[in-house]
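**Q** Could you have a look at this structure, given as structure tokens, before my questions?
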Amino acid sequence: MASITHFKRDEINKSNPIFSQIRTTIETVFYGNNVVNINSLKEAYKLAESSPGTIVTDMPVHRPEEIGLDKDAKILLFNDGAVTGRCAAARRIIGEEGVDTSYYAETIRDAANKTRYRKMYHAQAYVGLHEDFMVKAHLLIPEGHENILYNWLLNFQYLNETYVSMYEKSRTFKSEGDIYIFSDPDWESEAHPLGLAIFDPEHNCACILGMKYFGEHKKGTLTLAWGIANRNGFASCHGGLKRYNLDGNHKYTVSVFGLSGSGKSTITHEKHDGKYDISILHDDAYVISTEDGSSVALEPSYFDKTQDYPLNSEANKYLITVQNCGATLDEDGKCVIVTEDLRNGNGRAIKSRLWTDNRVNKIDEPVDAIVWLMKDPAIPPVLKIKDPVLAAVMGATLATKRTTAERLAKGVDKDALVIEPYANPFRTYPLGDDYSKFKKLFEERKVDCYIFNTGFYLDKKVPKGATLSALELIVEGKAEFKPWGSFTDIEYLPIEGFYRDMDEEYKDMLNNSIDYRINFLENVKKAKGGRDKLPEEALEALYRMKDELNNEVEERVAL
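One point on numbering: in numbering that gives the first Met the number 0, the residue at position 366 of the sequence shown is 365, and numbering is uninterrupted.
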């Protein structure tokens, strides 16, 4: 079995690296006499169906028995209050500079004690869907939050005969304990008005307090699973991955990385009007082996936005649950959902794996291309990065915009350009770990690197069709890239209507874009005690870009 649930008695001591003050504090709560174990997905459905405030729609779950539900299961809708997104400002990582372990251990003890008069539910699931990577996770949450429990079991893999057998044969991680997450969404504190999410990533545990949004629980679980992957020879990926099964038994695997709203789900699920035979791994969470380049999905279902799917959309056929959306009655008096973010931003739904009839849990073939999805107006729609160091650096300085999926602290500009390394705001380990792993993929496994700008190029929106057409050319080996200015390691793909001469005005814009990345890497040298500092070669690659850019402009002026 991959992670450790049970210990020999002589292993239960303070010298065992699996244990810590925070982990022991969290795991202990799971064994209270007020805890009820939830042993099946059907049981979780019934609890959620009966939970106060749940809207049991008249929309049936599609082929429910194939996903572990009874044949009469309905799509359940549950709405939160004002908060409908994740809050990075509420996260605290044990081990980071300035994070007081004793203070947060005391906070967790007090929160746990306040749940003693409440019924608590304990659910278990697997994160990872193949023997190469599977770990067991536990969630403890109070009565009244059955919908979070049900969604969590739907999002990850609930325990059934097939997966229990698979887990027993899975690769063992000898120094990794199970994941434990204790949650009390009703917790309140004047000291933490946004809530509090405490992570002890080295010991695979977390405490989520005062946060009702399901996404906190989903990404909180993935945070810990990605940490385990990082320690055991995998690159942790927040993105989408698909394989094109081409003629002549040729295959081409593409991995796209981007934040919510960047287009990663759109690109991953794009069917290209049936031109290709496509296999989809996942659109949000997976790991890539740095040893053989294979990939494993971490989740069976999809946590998708509902803003682009009106009620009659074919995609809504595959909904299992819906969060933060409206409801109304149709012409037959049946209760149905109101999507398109009419009620609030960031309406969400869990879709079953049946949404993709070409779904796989592992792709054995090594990834061929990695695409950084950005929203930097200085960058053309499609670039190819040929230098492995610069390719890894551009991922480490991935520039994008915030979305409605995030709850921002007061004063934060949601429209400002921000850098989110490798599109993964859930990293709890040093940034250099990701940098070295992706550099290895580019350098040793010869993975191609591209940047797709899915936002605006200058003041012109890059249409989805242009992005997808470019992807098709790359997959088919027909993309004709051209030198971009005097950059030696960057080429661009010509797209009609998206070209700008390297004049002084554009030079200033590009210089600012590069400087923004340089400043970010300079700042991480000092932040968190230098924990995320990258090798000097990363900065050198960016300074080389500046030199090449400015030489190009100087040559044009001389002419």
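Idealized CB from N, CA, C, for every residue including glycine. On a predicted model such as this, the values are computed, not experimentally measured, just so you know.
(1) So, with DSSP's three-state summary, where would you put A478?
(2) Among A111, G332, Y157 and A478, which has the Cα closest to the Cα of D57?
(3) What number of angstroms, rounded off, separates the C-alpha of T27 from the C-alpha of A537?
(4) Is it buried or exposed, F6, if we count other Cβ atoms within 10 angstroms and call 16 or more buried?
(5) Do N244 and I279 have their CB atoms nearer than 8 Å?
(6) Put S293 into one of helix, strand or coil per three-state DSSP.
(7) Which first and last residues belong to the alpha helix (DSSP H) in which E442 is found?
(8) Using a C-beta cutoff of 8 Å, does T267 count as contacting chain B?
(9) Between the alpha carbons of I207 and N150, how many angstroms are there, rounded?
(10) Taking its Cβ as the centre, do 16 or more other Cβ atoms sit within 10 Å of G97, making it buried, or is it exposed?
(11) In chain order, which alpha helix (DSSP H) runs of at least 4 residues are fully inside the stretch 235-292?
(12) Could you check whether D531 and G394 sit closer than 8 Å to each other, using their CB atoms as the reference points?
(13) Indicate, with yes or no, if the ligand NAD has a heavy atom lying under 7 Å from the CB of N38.
(14) Per the contact definition of three or more C-beta pairs closer than 8 Å, is the stretch 331-349 in contact with the stretch 472-490?
(15) Which word fits D199, buried or exposed, when buried means at least 16 other C-beta atoms lie within 10 angstroms of its C-beta?
(16) Looking only at its chain, what residues have a beta carbon closer than 6 Å to the beta carbon of R242, apart from the 5 residues adjacent to it on each side?
(17) Taking all protein chains shown into account, decide if S169 is buried (16 or more other Cβ within 10 angstroms of its Cβ) or exposed.
(18) Assuming G239 contacts D307 (C-beta within less than 8 Å), just tell me the rounded distance between them.
(19) Which full runs of the beta strand (DSSP E) of 3+ residues lie inside the stretch 37-113, going along the chain?
(20) Reducing DSSP to helix, strand and coil, say where W151 ends up.
(21) Here's the rule I'm using: 16 or more other beta-carbon atoms within 10 Å means buried, otherwise exposed. How should R8 be labelled?
(22) So if DSSP puts Y301 in a beta bridge, which residue, or which two residues, is it bridged to?
(23) Going by beta carbon distance, what residues of the same chain come within less than 8 Å of D488, once the five residues before and after it are set aside?
(24) Which residues in the same chain as A368 place their Cβ atom closer than 8 Å to its Cβ, once the five residues preceding and following it in sequence are excluded?
(25) At the level of alpha carbons, what is the spacing between G496 and E471?
(26) If we ignore side chains and look at the alpha-carbon of each, how far apart do D329 and S259 end up?
(27) L382 bridges to which residues according to DSSP?
(28) Count the CB pairs spanning the stretch 202-221 and the stretch 148-162 that are closer than 8 Å, and state whether there are at least three.
(29) Name the one or two DSSP bridge partners that T171 has.
(30) What span of residues does the beta strand (DSSP E) with M562 cover, start to end?
(31) Across the stretch 22-37 and the stretch 169-186, are there enough close Cβ pairs to call them in contact, namely three or more that are closer than 8 Å?
(32) Note down the Cα distance separating N33 from T24, rounded to an integer number of angstroms.
(33) Can you grab the Cα-Cα spacing for the pair I107 / R90, in whole Å?
(34) Return the chain-ordered list of same chain residues with a C-beta closer than 8 Å to the C-beta of I11, the five sequence neighbours on each side being excluded.
(35) Using CA coordinates, which residue listed in G529, L195 and E160 is at the minimum distance from S39?
(36) Suppose you measure from the CA of P493 to the CA of P379; what does that come to, to the nearest Å?
**A** Taking the geometry as given:
(1) coil
(2) The residue among A111, G332, Y157 and A478 with its C-alpha nearest the C-alpha of D57 is G332.
(3) Straight-line spacing of the CA atoms in T27 and A537 works out to 44 Å.
(4) It counts as exposed.
(5) no
(6) Reduced to three states, the DSSP call for S293 is coil.
(7) L430 to E442
(8) The structure shown has no chain B; it contains just one protein chain.
(9) 16 Å
(10) exposed
(11) You should have 263-268.
(12) Not in contact: G394 and D531 (Cβ atoms no closer than 8 Å).
(13) With respect to small molecules bound, the structure shown includes none, and the ligand NAD cannot be examined in it.
(14) no
(15) buried
(16) K250, T252, S278 and I362
(17) buried
(18) Between D307 and G239 the Cβ distance is about 16 Å, and since that is not below 8 Å, they are no contact.
(19) 54-59, 73-77 and 90-92
(20) In the three-state DSSP reduction, W151 falls in the helix class (H, G or I).
(21) Around the CB of R8, fewer than 16 other CB atoms lie within 10 Å, so the residue is classed as exposed.
(22) K350
(23) Within the same chain, D488 has close Cβ partners I384, K385, D386 and L389.
(24) Y251, T252, V253, S254, V446, D447, C448, Y449 and I473
(25) 19 Å
(26) 31 Å
(27) According to DSSP, L382 bridges with I450 and Y491.
(28) yes
(29) Bridge partners of T171: none, in fact.
(30) The structure shown does not extend to residue 562, since the chain is modelled only from 0 through 558, so no value can be given for it.
(31) yes
(32) 16 Å
(33) 14 Å
(34) F18
(35) E160
(36) 9 Å
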